[in-house]
Every structure is written in structure tokens, then in C-alpha cells.
DNA sequence: AATTTTATTGCAACTTTTTGCGGATTTGAT
DNA sequence: ATCAAATCCGCAAAAAGTTGCAATAAAATT
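Chains as they are written, first to last, in the working numbering: chain C, 819 to 1072; chain H, 819 to 1072.
Set out below in C-alpha cells:
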């Protein structure tokens, strides 16, 4: 990153700035000043002009690419399209007559929304929003596993839920997760972790649904080992390179 | 989860925070401070700004995803203004430290919405929507009484709920009703009626909330005699002529 | 080519924004 | 009730931005 020697025209300089922006999505005024060997005042004037022309977004300290994803979609589910893909894949795991335990989270809710209309199965859930979604389905049975409600995540936890789960032997359990790496599934809330453990124990098979962004992340509390789950469902194709290290005997990646 | 090295623009930092929030639904200020290598004060200021912009929900210690918040749609509620009046009157029955059982229906949900923000009490409910509404309250405890869900009313019924209710001795029970006349409270759904009976039995005192329109109507299944309830809360003033025939020893009309 | 005009640039003084810190205060959990 | 963590408040330093202006460079005009 050496300073440019020769005298530059304003046009060239601004072209150079745009190149940097498109390359790195961000740039600091101070860095540009050094690179172009002009005062930061000049840089700022350039950035303001380019911002005015809509070429970039000026912020305190530098500028960001217009395509930079700093504008978040409000009031809609994050990464909805990915979650829809996941939900559709996960839905194929459910067959008529099954007993299925569903957890909380927006991905599972999306699954609940996309269940085939003619499916006849029995669902247990600990999530208020998932339960509400399931109530919209005409032919399934829905059983809510009551308990103390965690306000943030709107799921029920506590001994009540766990002892109920101990009485159940379901065919399948589908849950989201906060974090997953090649070793284990982890989460942040102790109570929720307890319940998830029980959900897995109460099911013949367990599926974890998650957007691929979460692959490789870790939280403080362990739900289970990766080997304890039977299906991993993400938005990626099953043969994606991101699954390196995740593949093993007995784990089906969808 | 390694700290970020290079100097970050504020906007980038906030975008990073939003990503974490959307990914993990909740995040601690302390963790963000470590990840981004800035002071917690800065994180808090960011979180407050994002909260102000409606991008997330700020809580003590960190922030939550906005996607977990019950979006109440008041426009769809029939006779909302009457129900609001009722809810406000009924709310006066609840005092700090009480154990309260809440039923389903839009009037009760409205009550849940209008609880004083500083109320400290424990609520039991069988209604998904009432429970969701209660989850928005900062200081109360909420316990959902699980069971088989009735899809159109989104309440749980069945032996499960009833045996749970048998274990509870609450101070107050507040329920809506389908019909009420000078003799008794009646309803249409057998399962729901069973649960209501148990709710009343599980409470020292019982309140029925209903819009005055329903006064004088009758359904096929009896929940209880009018004398079994302690409070009748409607949109009418307590001395309204419509209450002729309803007044009796031990029934307070609000 | 000389000259006028216009635009660009850097500088200095001043304002605003951002950030971290100490201490008072509130909050949440025990 | 008690105690530690989280938050709030004000402040001060550093960084970034703004403005006016003079010097200089580029462009236009004669």
C-alpha cells in the first residue's frame, strides 16, 4: 500500500477511490489520504461528491460500498429464503402417522408453516409461536408441552416440560440451534439446553436445522455431540465443501 | 469467535452486531465488547441506537432479536374499545404477588396487554395468544399449562391441563365466556368447559370478563352457576340497568 | 501567449462526533 | 435485604468534519 507519486487529476483520484471501495466494500479517509498523498480534506471532498452522486455511502471516518449490507430488513425474518429452503428439506423427514417434537426458532416455525396440507401426524412443541403456526394446519394434532415460559424465546422450560418429555417416545425431533461446529451443538440458555437434551432423548431420531452461516460457531453450553444427531439440514446442497469435518457415520446431511 | 483487528467504522460495527443478533437471537454486551474490541459503553451506545431505530430490542445485559416479539394486531379485534375498558377494570383485581389463572379470548388478551408495567405476579394460562402477550411484560412470571391444542381457539385442553390445574391454588382466575345469563355461564366446547371448570376450582376467586352484548345469551354447555363467580366485568358502568337480575350476594359487578 | 476566470487544494481555526473512563445509580438474582 | 453486574451520567481527549480563505492549478477567453 504505497503512496502514489505522480500528480493525479481529481477524476483519476475518484476513480481510484471507487476501485478501492468496490474491492474492499469499505475505506477509511485516513488511509486514502496516505495512499493518494493528498490531504484528508481533499479525500473528504471527494467522498462527499461521490456520495452525492450515489456512488458510495459516506460515513464518519470513511465510506462504505453502496452494496454493503448495513441496511437490515426490518420486521421480516432474517434470511427467510434460506430458512424456507431448509424447512422444505426438513419437511421430507416427516411422514404420516409420526410423532414429532418441534423446538423453537424461526427456522422451525417456517417448517411448521410449510408442512404438507394433507399430512396426518402428531406434533409436540415447547414453542408458542411454533404451536400457533401448527394450529393453522387442518389435519395434524398439536400438543403443547407446558412449563415456565422464557420471555425472550417464547418457549417453555423447566422440570414440568422435562418430565413430560420423559414420558414421550417420539419418532423424530426437529430443533434449531444457536451454534454448531464439527464437534457439538451449543447454545446460550441453560434452561433451553436442558429441554433440548430431553427432546433428543425422547426421540428415536433427531434433526438439527440451521442456516449455514451458523456452521462453525460455538456458544458456552453444550446441547449434545454432533454424533447424537441424525440429520443436519441447512440451506446448502448436501455436497457443499462447508460440510468438511461434519460428515460422519450415522449423520445424514440434507 | 476472535476479536476483529482493524479499525472499524461505526456503521460496520453496528452491522456486525445486527448480524450476530439475527444469527443468535440474543447477544451480551460484554461478548460484543470482546469480539469488537471496544468498550462496553460503546456497545451499549450502539445497541441503544439500533434499538431506537427499531432494529433490535435492548435488554439489561445485551439485546434481543426483534423477530421474537408478539405483533399484536388490534385492528382485527371485534369491539376493541369495549374490551379495552373491560381489561382496564379487570386489571385492578390483580395485585402484586398474586397467582392468577388466565383463560383465552380477545378480552383476556387485551387484559394481558394492559397489565401495569410494574406488576409483579405469576400468571398461568392455557391460551397461546394470551401467553405470547404476557411474554412482553417485563416483570411477571408466566407458566403455560400445556395440553392438546384446540386449533381455532388456540387454547390447550385435556386431562393434562386439568390435572395440572388440580395442583394449583391460585388467588384469582379471569376468563372470558361465550354466553352468560342471570343463571349461569355457558359455552359451546365441551373440552373448553371442562378446563374452565377446573380453572374456577383452582382459584380462590373467579372473574368473568365479557362485552355487554353477551349478557342474556345462553349456550348448550354449562361452565358454572353465576353464584360460582365473584366478579363480573363488562364495558357497562356498574350501576347499569342491564345488570337487573344479575346482582346477588357475593358477586361484584365492575 | 497572455490574461482572465474558474476550479481545486491545503491550511488554520473551530465544531461535531466518537469513545473510554470514573463514579453514582439502578437492576437482577440470590 | 444484599451484592455484583449492568447502566447511566458527565467529562475529557482524540478523531473526524466543517468552513473560510489564500495559494495554486487548470480551463477558458481574448
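C-beta: ideal position from N, C-alpha, C; glycine also.
Could you work out which residue in H:838, H:1042, H:969, H:1052 is closest to residue 898 of chain H when comparing CA atoms only? Within the second chain, numbered from 1, the residue matching residue 898 of chain H stands at position 80. Of the listed residues, the one whose Cα sits closest to residue 898 of chain H is H:1052.
According to DSSP, residue 844 of chain C sits in a beta bridge with which residue or residues? Within the first chain, the letter at position 26 stands for residue 844 of chain C. C:882, per the DSSP bridge assignment.
Starting from the N-terminal side, write out each stretch of the beta strand (DSSP E) that is 3 residues or longer and does not extend beyond the region 937 to 980 of chain H. If we require 3 residues or more, the beta strand (DSSP E) runs fully inside the region 937 to 980 of chain H come out as 940 to 943, 959 to 962, 965 to 968, 973 to 975.
What separation, rounded to the nearest whole angstrom, lies between the Cα atoms of residue 1036 of chain C and residue 855 of chain H? Position 218 of the first chain, counting from 1, holds the residue named residue 1036 of chain C. Position 37 of the second chain, counting from 1, holds the residue named residue 855 of chain H. A direct Cα-to-Cα measurement between residue 1036 of chain C and residue 855 of chain H gives close to 19 Å.
Proximity of residue 918 of chain H and residue 912 of chain H at Cβ, strictly below 7 Å: Counted from its first residue, the second chain places residue 918 of chain H at position 100. Counted from its first residue, the second chain places residue 912 of chain H at position 94. Yes.
What residues are listed by DSSP as bridge partners for residue 1060 of chain C? Residue 1060 of chain C sits at position 242 when you count from the first residue of the first chain. Within the DSSP bridge table, the entry for residue 1060 of chain C names no partner.
Say whether chain C places a C-beta atom closer than 7 Å to the C-beta of residue 878 of chain H. Within the second chain, residue 878 of chain H is the residue found at index 60, counting from 1. No, because no Cβ of chain C sits closer than 7 Å to the Cβ of residue 878 of chain H.
In chain C, which residues lie less than 8 Å from residue 894 of chain H when you measure between Cβ atoms? Here residue 894 of chain H refers to the residue found at position 76 of the second chain. The premise fails here: residue 894 of chain H is roughly 15 Å from chain C at the closest Cβ pair, so nothing lies under 8 Å.
Go ahead and label residue 1007 of chain C buried or exposed: buried means 16 or more other beta carbons lie within 10 angstroms of its beta carbon, across all protein chains shown. What you label residue 1007 of chain C is simply residue 189 of the first chain in a count that begins at 1. By the 16-neighbour rule on beta-carbons within 10 angstroms, residue 1007 of chain C is buried.
Counting only C-beta atoms, is residue 966 of chain H closer than 7 Å to chain C at any point? If you number the second chain from 1, residue 966 of chain H lands on position 148. So yes, residue 966 of chain H belongs to the interface.
Considering residue 1017 of chain H, what are the terminal residues of the alpha helix (DSSP H) in which it resides? Within the second chain, numbered from 1, the residue matching residue 1017 of chain H stands at position 199. Looking at the DSSP string, the run of the alpha helix (DSSP H) that includes residue 1017 of chain H is 1008 to 1019.
Quick one: which residues of the region 985 to 1001 of chain H get their C-beta closer than 9 Å to a C-beta of chain C? List them in chain order. Going along the region 985 to 1001 of chain H in chain order, one finds no residue with a Cβ nearer than 9 Å to chain C.
Hey, does residue 938 of chain C have any beta-carbon neighbour from chain H nearer than 7 Å? Position 120 of the first chain holds residue 938 of chain C. Output row for residue 938 of chain C: interface = no.
So is residue 841 of chain C buried or exposed if we call it buried at 16+ other beta carbons inside 10 Å? Residue 841 of chain C sits at position 23 when you count from the first residue of the first chain. Answer is exposed; the Cβ neighbour count stays below 16.
Could you give the distance in angstroms between the alpha-carbon of residue 892 of chain C and the alpha-carbon of residue 839 of chain H? Within the first chain, numbered from 1, the residue matching residue 892 of chain C stands at position 74. Within the second chain, numbered from 1, the residue matching residue 839 of chain H stands at position 21. Confidence is the limiting factor: at residue 892 of chain C the pLDDT is only 47, short of 50, which leaves the residue's position unreliable, though a coordinate-based value still follows. Taking the CA atoms as reference points, residue 892 of chain C sits about 13 Å from residue 839 of chain H.
Whether residue 928 of chain C touches residue 901 of chain C by CB criterion (7 Å): Locating residue 928 of chain C in the first chain gives position 110, counting from the first residue. Locating residue 901 of chain C in the first chain gives position 83, counting from the first residue. The answer is yes: Cβ separation under 7 Å.
Within 8 Å of chain H by C-beta, residues of the region 917 to 939 of chain C in sequence order: Answer set for the region 917 to 939 of chain C: 923, 924.
Pairwise C-alpha distance: residue 952 of chain H and residue 970 of chain C: Sequence index remark: in the first chain, residue 970 of chain C carries index 152 (1-based). Sequence index remark: in the second chain, residue 952 of chain H carries index 134 (1-based). Pairing residue 970 of chain C with residue 952 of chain H, the inter-Cα distance amounts to about 11 Å.
Using Cβ-Cβ distances below 7 Å, what residues of the region 1005 to 1029 of chain C are close to chain H? The residues in question are 1006.
Evaluate the contact criterion for the region 857 to 872 of chain C versus the region 1014 to 1023 of chain C: three or more CB pairs, one atom per stretch, below 8 Å. No, the region 857 to 872 of chain C does not touch the region 1014 to 1023 of chain C.
Neighbourhood of residue 872 of chain H by C-beta distance below 8 Å, restricted to the same chain and skipping five residues each side: As a first step, residue 872 of chain H is located in the second chain; it is residue number 54 there, counting from the start. For residue 872 of chain H, where only same-chain residues beyond five positions count, the Cβ hits under 8 Å are 884.
List, in chain order, every chain H residue whose beta-carbon is nearer than 7 Å to that of residue 1031 of chain C. Looking up residue 1031 of chain C in the first chain gives position 213. For residue 1031 of chain C, the chain H residues whose C-beta falls within less than 7 Å of its own C-beta are 841, listed in chain order.
Within 7 Å (strictly less), CB to CB, does residue 829 of chain H reach chain C? Taking the first residue of the second chain as 1, we reach residue 829 of chain H at position 11. Contact with chain C is found for residue 829 of chain H, since one of that chain's Cβ atoms lies less than 7 Å from the residue's Cβ.
Can you give me the C-alpha to C-alpha distance between residue 1026 of chain C and residue 991 of chain C, rounded to a whole angstrom? Here residue 1026 of chain C refers to the residue found at position 208 when the first chain is read from its first residue. Here residue 991 of chain C refers to the residue found at position 173 when the first chain is read from its first residue. In this structure, the CA atom of residue 1026 of chain C is about 8 Å from the CA atom of residue 991 of chain C.
Residue burial classification, residue 979 of chain C (beta-carbon count within 10 angstroms, cutoff 16): Translated into the one-based positions of the first chain, residue 979 of chain C becomes position 161. By the 10 Å Cβ count, residue 979 of chain C comes out buried.
Using the beta-carbon count (16 or more within 10 Å), is residue 1028 of chain H buried or exposed? By one-based count along the second chain, residue 1028 of chain H stands at place 210. By the Cβ-count criterion, residue 1028 of chain H is buried, with 16 or more other Cβ atoms from all chains shown falling within 10 Å of its own Cβ.
CB contact check: residue 960 of chain C to chain H, cutoff 7 Å: Working through the first chain from its first residue, we reach residue 960 of chain C at position 142. Yes, because at least one Cβ of chain H sits closer than 7 Å to the Cβ of residue 960 of chain C.
Give me the chain C residues within the contact set of residue 951 of chain H, using Cβ-Cβ distance strictly less than 8 Å, ordered along the chain. Residue 951 of chain H sits at position 133 when you count from the first residue of the second chain. Contact of residue 951 of chain H with chain C by beta-carbon distance below 8 Å is absent, the smallest such distance being about 10 Å.
Cα-Cα separation, residue 1060 of chain C to residue 925 of chain C: Stepping through the first chain from its first residue, residue 1060 of chain C is reached at position 242. Stepping through the first chain from its first residue, residue 925 of chain C is reached at position 107. Going by the C-alpha atoms only, they are around 20 Å apart.
Beta-carbon contacts of residue 955 of chain C that lie in its chain and below 7 Å, excluding the five residues immediately before and after: As a working note, residue 955 of chain C is residue 137 in the first chain. Beyond the five residues adjoining it in sequence on each side, residue 955 of chain C comes within less than 7 Å, by CB distance, of 933 in the same chain, given in chain order.
Using C-beta distances below 8 Å, list every residue in its chain close to residue 1022 of chain C, excluding the 5 sequence neighbours before and after it, in chain order. The count along the first chain starts at 1 and reaches residue 1022 of chain C at position 204. Excluding residues within five positions, the ones whose Cβ falls inside 8 Å are 987, 988, 989, 990.
Cβ of residue 948 of chain C within 7 Å of Cβ of residue 930 of chain C? Working through the first chain from its first residue, we reach residue 948 of chain C at position 130. Working through the first chain from its first residue, we reach residue 930 of chain C at position 112. Taking 7 Å as the Cβ cut-off, residue 948 of chain C and residue 930 of chain C qualify as a contacting pair.
With a CB to CB cut of under 8 Å and the five nearest residues on each side skipped, what residues in its chain are close to residue 909 of chain H? One-based indexing of the second chain puts residue 909 of chain H at position 91. If the five residues before and after residue 909 of chain H are omitted, its C-beta is found closer than 8 Å to the C-beta atoms of 929, 932, 933, 934, all from its own chain and listed in chain order.
Within the continuous alpha helix (DSSP H) that includes residue 901 of chain H, where are the two ends? As a first step, residue 901 of chain H is located in the second chain; it is residue number 83 there, counting from the start. Residues 898 to 909.
Using a C-beta to C-beta distance shorter than 8 Å, which residues of chain C count as neighbours of residue 857 of chain H? Taking the second chain and counting its residues from 1, one reaches residue 857 of chain H at position 39. For residue 857 of chain H, there are no neighbours in chain C by C-beta distance under 8 Å, as the nearest C-beta there is about 17 Å away.
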